[in-house]
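Trainee: One structure is given below, represented as structure tokens, and several questions about it will come after.
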Amino acid sequence: DTAVSQTPKYLVTQMGNDKSIKCEQNLGHDTMYWYKQDSKKFLKIMFSYNNKELIINETVPNRFSPKSPDKAHLNLHINSLELGDSAVYFCATGETQYFGPGTRLLVL
Amino acid sequence: GNSVTQMEGPVTLSEEAFLTINCTYTATGYPSLFWYVQYPGEGLQLLLKATKADDKGSNKGFEATYRKETTSFHLEKGSVQVSDSAVYFCALETDSWGKLQFGAGTQVVVTP
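Chains L and C, in that order, are what the protein sequence lines are.
One rule links them: number in this note's numbering = place in the first sequence (from 1) + 581.
One rule links them: number in this note's numbering = place in the second sequence (from 1) + 413.
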């Protein structure tokens, strides 16, 4: 069983589109995170949820909206995609942060 | 504010060589410190951590000691293998909710 899974693994889309990335964990952790990794491998936290409540919201454009329907899921919806949104997006869970495999987003 | 500085890569080594990756930090208080490893095409994996001064984290032959006096958490391995080729990230925990501040990452390439 995969501890932290993300879908899709790859996402290629046009500028202006709206897309969602999903994250699911089966570890029973209360806290989940979204990170963005740019082309230079730099990692920055975007959001964190604890028990379905938003607790960290970094300086991220409001085109990005996280949603946690239950403790096991944290999805990321992105409106009006821009070229600069191209990156790898990682979901992570738990105190020592188990990371998912990443979603590679390319905006054309 | 909080920050993490790592040595720039790539670091290229021969198999069985000694590896050191320097990491220094700036933080208020006494944060927990971490090393993560990212293999090509994969997500990050926790390699080791230390939660207080003088703690030594160790895993898979890697070690790092939390040095408060020098605000450092250098990663070392005595004899690297080709399978250790990856990007290594130093990180510190900046609040009680587990928010991590990462360094820029150091790519390590081990050749046979």
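Positions of the beta carbon are idealized from the N, C-alpha and C atoms, including for glycine.
Here the structure is a predicted model, which means the values were calculated and not measured.
In this structure, what does DSSP give as the bridge partners for C:Ala-463?
Mentor: Answer by DSSP bridge pairing, in chain order: C:Leu-446.
Trainee: L:Leu-686 and L:Leu-592 - do their beta-carbons sit closer together than 7 Å?
Mentor: Result yes, Cβ atoms of L:Leu-592 and L:Leu-686 sit closer than 7 Å.
Trainee: Within 10 angstroms of the Cβ of L:Ala-668, are there 16 or more other Cβ atoms? Answer buried if so, exposed if not.
Mentor: Burial call: buried.
Trainee: How many angstroms separate the CA atom of L:Asn-638 from the CA atom of C:Glu-428?
Mentor: Approximately 43 Å between the Cα atoms of the pair.
Trainee: Beta-carbon of C:Leu-459 versus every beta-carbon of chain L: anything under 7 Å?
Mentor: For C:Leu-459, the answer is yes, since a Cβ of chain L falls inside 7 Å of its Cβ.
Trainee: Looking only at C-alpha atoms, which of C:Thr-437, C:Tyr-452 and C:Leu-488 sits nearest to C:Leu-461?
Mentor: Closest by alpha carbon: C:Leu-488.
Trainee: Among residues of its own chain, excluding the 5 on either side of L:Asn-598, which ones have a beta-carbon nearer than 6 Å to its beta-carbon?
Mentor: Within the same chain, L:Asn-598 has close Cβ partners Leu-662.
Trainee: Along the beta strand (DSSP E) that carries L:Met-613, what are the first and last residues, could you check?
Mentor: Residues 612 to 618.
Trainee: When the Cα atoms are used, what is the spatial distance from L:Pro-642 to L:Gln-618?
Mentor: Cα to Cα, L:Pro-642 sits roughly 16 Å from L:Gln-618.
Trainee: Would you mind sorting L:Lys-590 into buried or exposed? The rule is 16 or more other CB atoms within 10 Å of its CB.
Mentor: By the 10 Å Cβ count, L:Lys-590 comes out exposed.
Trainee: Return the residue from the list C:Thr-483, C:Val-417, C:Gly-456 and C:Val-522 that minimises the CA-CA distance to C:Asp-467.
Mentor: Here the closest residue by C-alpha is C:Thr-483.
Trainee: Give me the Cα-Cα distance between C:Phe-431 and L:Tyr-630, rounded to the nearest whole angstrom.
Mentor: So the alpha carbons of these two residues sit roughly 40 Å apart.
Trainee: Taking Cβ-Cβ distances shorter than 9 Å, what residues in chain L pair up with C:Phe-475?
Mentor: The contacting residues do not exist; C:Phe-475 stays about 16 Å from chain L at best.
Trainee: Which residues does DSSP pair with L:Leu-657 in a beta bridge?
Mentor: In the DSSP output, where bridge partners are listed per residue, L:Leu-657 has L:Ile-602 and L:Pro-647.
Trainee: Could you give the residue range of the beta strand (DSSP E) that holds L:Ala-584?
Mentor: First-last for L:Ala-584: undefined, no H or E at that position.
Trainee: So what's C:Ser-492 in DSSP terms, helix, strand or just coil?
Mentor: Here C:Ser-492 sits in coil by DSSP.
Trainee: Excluding the five sequence neighbours on either side, which residues of its own chain have a C-beta within less than 7 Å of the C-beta of L:Thr-588, listed in chain order?
Mentor: Hits under 7 Å: Lys-603.
Trainee: What residues in the segment 657 to 684 of chain L bring their beta carbon closer than 7 Å to a beta carbon of chain C?
Mentor: Under the 7 Å Cβ criterion, the segment 657 to 684 of chain L contributes Phe-671, Glu-676, Thr-677, Gln-678, Phe-680, Gly-681, Pro-682 and Gly-683.
Trainee: What three-state label does DSSP hand C:Gly-414 in the structure shown?
Mentor: It is coil, neither helix nor strand.
Trainee: Among C:Lys-481, C:Ala-477 and C:Leu-459, which one has its Cα closest to the Cα of C:Ala-440?
Mentor: Comparing Cα positions, the closest option is C:Lys-481.
Trainee: Identify which residue in C:Gly-442, C:Met-420 and C:Gly-414 has its Cα closest to the Cα of C:Thr-519.
Mentor: Per the Cα distances, C:Met-420.
Trainee: On the DSSP bridge assignment, give the partners of L:Phe-628 in chain order.
Mentor: For L:Phe-628, which the question treats as bridged, DSSP gives the partners L:Trp-615 and L:Asn-638.
Trainee: Between the beta-carbon of C:Val-417 and the beta-carbon of C:Val-521, is there less than 7 Å?
Mentor: No, they are not a contact pair.
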